[in-house]
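Data block below; observations after.
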Amino acid sequence: MNDKPCESELPSPVLALLDTFRRSPDAVSERAQATLLAFGLVDLDRRAAESRPAAQ
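Per my numbering: the sequence shown = residues 1 to 56.
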């Protein structure tokens with residue numbers, strides 16, 4: 001069974017946070033990011049790795 005709820009089961013404020021985060025991650029507060037992490041909706045470690053410049 002899937003431990004994570006599907007997006008249609010999430011509270012509207014959480015969906016709004018997710019939408020904002022997807023458009024502009026820097027516009028979302030640390031508290032909001034913690035909420036998204038708690039719902040298993042984002043992987044901040046992966047996003048941070050993607051935003052780092054590649055080593056040459």
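We put the beta carbon where it would ideally sit given N, CA and C, even for glycine.
Simplified DSSP assignment, three categories, for residue i
{"i": "P11", "result": "coil"}
{"i": "D43", "result": "coil"}
Residue i versus residue j - alpha carbon distance
{"i": "L15", "j": "A32", "result": "11 Å"}
{"i": "E9", "j": "T20", "result": "18 Å"}
{"i": "P11", "j": "F39", "result": "11 Å"}
{"i": "P13", "j": "L36", "result": "11 Å"}
{"i": "L44", "j": "S29", "result": "13 Å"}
{"i": "R23", "j": "L41", "result": "14 Å"}
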